[in-house]
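Just so you know, the protein sequences line up as chains A and B, in that order.
For any residue, its number in my numbering is found by taking its place in the first sequence, counting from 1, and adding 13.
For any residue, its number in my numbering is found by taking its place in the second sequence, counting from 1, and adding 13.
Glycine included, each C-beta is placed from N, C-alpha and C at the ideal position.
Number of protein chains: 2
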Amino acid sequence: MSVDLRLYALVDPDRSGGRTLEDIARAVVEGGATLVQLRDKAGSTLRMIEEAKAIKAALAGSFVPFLINDRVDVALAAGADGVHIGWDDMPVADARTLLGREAIVGLSIKTAEQAQAAPLELLDYVCIGGVFETQSKDNPEPPVGATGFAELAGIIRKRKPNMPAGAIAGIDESNAARVIAAGADGIAVISALSLAPDPKAAARKLREIVDAALSQRGAA
Amino acid sequence: MSVDLRLYALVDPDRSGGRTLEDIARAVVEGGATLVQLRDKAGSTLRMIEEAKAIKAALAGSFVPFLINDRVDVALAAGADGVHIGWDDMPVADARTLLGREAIVGLSIKTAEQAQAAPLELLDYVCIGGVFETQSKDNPEPPVGATGFAELAGIIRKRKPNMPAGAIAGIDESNAARVIAAGADGIAVISALSLAPDPKAAARKLREIVDAALSQRGAA
Numbered sequence: 014m015s016v017d018l019r020l021y022a023l024v025d026p027d028r029s030g031g032r033t034l035e036d037i038a039r040a041v042v043e044g045g046a047t048l049v050q051l052r053d054k055a056g057s058t059l060r061m062i063e064e065a066k067a068i069k070a071a072l073a074g075s076f077v078p079f080l081i082n083d084r085v086d087v088a089l090a091a092g093a094d095g096v097h098i099g100w101d102d103m104p105v106a107d108a109r110t111l112l113g114r115e116a117i118v119g120l121s122i123k124t125a126e127q128a129q130a131a132p133l134e135l136l137d138y139v140c141i142g143g144v145f146e147t148q149s150k151d152n153p154e155p156p157v158g159a160t161g162f163a164e165l166a167g168i169i170r171k172r173k174p175n176m177p178a179g180a181i182a183g184i185d186e187s188n189a190a191r192v193i194a195a196g197a198d199g200i201a202v203i204s205a206l207s208l209a210p211d212p213k214a215a216a217r218k219l220r221e222i223v224d225a226a227l228s229q230r231g232a233a
Numbered sequence: 014m015s016v017d018l019r020l021y022a023l024v025d026p027d028r029s030g031g032r033t034l035e036d037i038a039r040a041v042v043e044g045g046a047t048l049v050q051l052r053d054k055a056g057s058t059l060r061m062i063e064e065a066k067a068i069k070a071a072l073a074g075s076f077v078p079f080l081i082n083d084r085v086d087v088a089l090a091a092g093a094d095g096v097h098i099g100w101d102d103m104p105v106a107d108a109r110t111l112l113g114r115e116a117i118v119g120l121s122i123k124t125a126e127q128a129q130a131a132p133l134e135l136l137d138y139v140c141i142g143g144v145f146e147t148q149s150k151d152n153p154e155p156p157v158g159a160t161g162f163a164e165l166a167g168i169i170r171k172r173k174p175n176m177p178a179g180a181i182a183g184i185d186e187s188n189a190a191r192v193i194a195a196g197a198d199g200i201a202v203i204s205a206l207s208l209a210p211d212p213k214a215a216a217r218k219l220r221e222i223v224d225a226a227l228s229q230r231g232a233a
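1. Which class does Ala116 (chain A) belong to by DSSP, given the choice of helix, strand or coil?
2. When you compare the CB of Asp107 (chain A) with every CB in chain B, is at least one pair closer than 7 Å?
3. Could you check whether Leu111 (chain A) and Val139 (chain A) sit closer than 7 Å to each other, using their CB atoms as the reference points?
4. If we define contact as Cβ-Cβ less than 7 Å, is Val139 (chain B) a contact residue for chain A?
5. Are the CB atoms of Pro155 (chain B) and Val144 (chain B) nearer to each other than 7 Å?
6. Determine which residues of the stretch 198-222 of chain A have a Cβ less than 8 Å from any Cβ of chain B, and write them out in chain order.
7. Which whole-angstrom value describes the C-beta separation of Lys142 (chain B) and Ala180 (chain B), a residue pair presumed to lie in contact below a C-beta threshold of 8 Å?
8. Report back the beta-carbon spacing between Lys174 (chain A) and Val16 (chain A) to the nearest angstrom; my notes put them in contact at under 8 Å.
9. Answer yes or no: do Ile122 (chain A) and Pro78 (chain A) have a C-beta to C-beta separation smaller than 7 Å?
10. To which residues of the same chain is Met103 (chain A) closer than 7 Å at the C-beta, ignoring the five residues directly before and after it?
11. Between which residues of its own chain and Pro212 (chain A) is the CB-CB distance below 6 Å, once the five residues before and five after are set aside?
12. Taking only beta-carbon positions, decide if Ser57 (chain B) is within less than 7 Å of chain A.
13. Given this structure, state the Cα-to-Cα distance separating Ala166 (chain A) from Ser228 (chain A), to the nearest angstrom.
14. Using a Cβ-Cβ cut-off of 7 Å, state whether Leu34 (chain A) counts as contacting chain B.
15. Got a sec: is the Cβ-Cβ distance from Leu89 (chain B) to anything in chain A below 7 Å?
16. Grab me the residues of Ile193 (chain A)'s own chain with a C-beta within less than 7 Å of its C-beta, minus the 5 sequence neighbours each way, in chain order.
17. Quick check for students: name the residue ranges of the beta strand (DSSP E) that lie wholly in the stretch 119-146 of chain B, counting only runs of 3 or more.
18. Please identify the residue among B:Gly119, B:Ala130, B:Asn82 whose C-alpha is closest to the C-alpha of Leu23 (chain B).
19. Check the Cβ-Cβ distances between Val118 (chain B) and every residue of chain A, and say whether any is below 7 Å.
20. Could you list which residues in chain B have their beta carbon closer than 7 Å to that of Arg84 (chain A), in chain order?
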């Protein structure tokens, strides 16, 4: 399935700034988010299913796909469009089997080894990072920077040209254009949207930056 | 599906006494366990899937069903026989839909409200408790005792006679006969098996106690 990574909004109850997750999701999609992911590493299975169902209802009619971090069971129970998984989650092949060919399955890439080993033929996209410093996730590895992003994306695209690759971690208005210039198809963002005073306006601004950087790259 | 609850062995990496989970599972089944459950509340999805696959392989040919606590995704990925769920896990109806009619789905019952509300028509068994004090799980509620077990089982069986009902929490050789006399079809056990010096011998002893108490109840 073709995935539009331009503005990939992650919503997380630990980074919600007191808002409901469905309000954040609705607002950022109105502002131009092209993909939404629910991440909840701390809650019960029931809580995550309830969050997922609420977000799915809020996005009904938007045509923006909705993914679940890690949990294939939650994706299946809530009828989400797919999952984003890491290397401690379900193996990609198992997730693809359980979710079917039409589902979106994305994978995190943090190292050159992962970029070489990722089962790209089973994936719809990759997210490369952490690119910059972030407060929203424990990342033992140092950030790879825009240069590291370009190297990892290069490994991926040597194996599979045109593989959609987003950049994640610490991305905001100040550095979004830089990662797009380095080859990212889009940016994955948590705090710069969900903790912004106005998430819809923040999404609109980030989409403008991404779209401008993409067309500049296309013209170069 | 008909479930034999006589000796329901839970294996948990936090209560393994340095043994592998598959070694514990194999030993207790050799000793007479009739049902095995993997519980892992702390690990990653990948770890739990790997544990589940190892236990399933160890039990191949034993005809003892193997269930997963909470995680329908892990059950599906590992090809387990079903799940045991609590009230913070996936709703029973969703789990039944995802796993299908042939899967085993069991539910924890801790209160009279839960005994009244449980969707018994979708369940293969219930586990009632905590019956006694236990060290292996954070249980905010006080233990219900053998008397409380009988009350909760009474609510369940008034709604659905012959519903298989096991007893859980703090059960060992000293009190197993008491919960069977109170109406349990079997006992669910963690520490009394997995932390025993010889899990196989401990399983054999517990099965003897349960079987004797069941035949005494049948004769009464």
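Walking through what the data contain:
1. Correct three-state label for Ala116 (chain A): coil.
2. Chain B has a Cβ within less than 7 Å of the Cβ of Asp107 (chain A).
3. Cβ atoms of Val139 (chain A) and Leu111 (chain A): not closer than 7 Å.
4. Chain A, which has no Cβ nearer than 7 Å to the Cβ of Val139 (chain B), makes this no.
5. Taking 7 Å as the Cβ cut-off, Pro155 (chain B) and Val144 (chain B) do not qualify as a contacting pair.
6. Along the stretch 198-222 of chain A, there is no position whose C-beta sits under 8 Å from a C-beta of chain B.
7. Going by the sequence as given, residue 142 (chain B) is Gly instead of Lys. Beta-carbon to beta-carbon, Gly142 (chain B) and Ala180 (chain B) are separated by about 6 Å, close enough to satisfy the 8 Å threshold.
8. Sequence inspection shows Pro at residue 174 (chain A); the Lys mentioned does not correspond to that position. With 8 Å as the limit, Pro174 (chain A) and Val16 (chain A) do not qualify as a contact, their Cβ atoms being about 16 Å apart.
9. With respect to Pro78 (chain A), Ile122 (chain A) sits apart: the two C-beta atoms are not nearer than 7 Å.
10. Here the set comprises Val85.
11. Excluding the 5 residues flanking it on each side, Pro212 (chain A) has same chain C-beta neighbours closer than 6 Å at Ile37, Ala40, Val41, Leu206, in chain order.
12. Answer yes: the Cβ-Cβ gap between Ser57 (chain B) and chain A drops below 7 Å somewhere.
13. Using only the alpha carbons, I get a separation of about 19 Å.
14. No, its Cβ sits nowhere closer than 7 Å to a Cβ of chain B.
15. Judged by the 7 Å Cβ criterion, Leu89 (chain B) is in contact with chain A.
16. Closer than 7 Å at the Cβ level, and outside the excluded window around Ile193 (chain A), lie Val223, Ala226, Leu227, Arg230.
17. Runs found: 138-142.
18. Closest option to Leu23 (chain B), judged by alpha-carbon separation, among B:Gly119, B:Ala130, B:Asn82: B:Asn82.
19. No Cβ of chain A is located within less than 7 Å of the beta carbon of Val118 (chain B).
20. For Arg84 (chain A), the chain B residues whose Cβ falls inside 7 Å of its Cβ are Asp86, in order along the chain.
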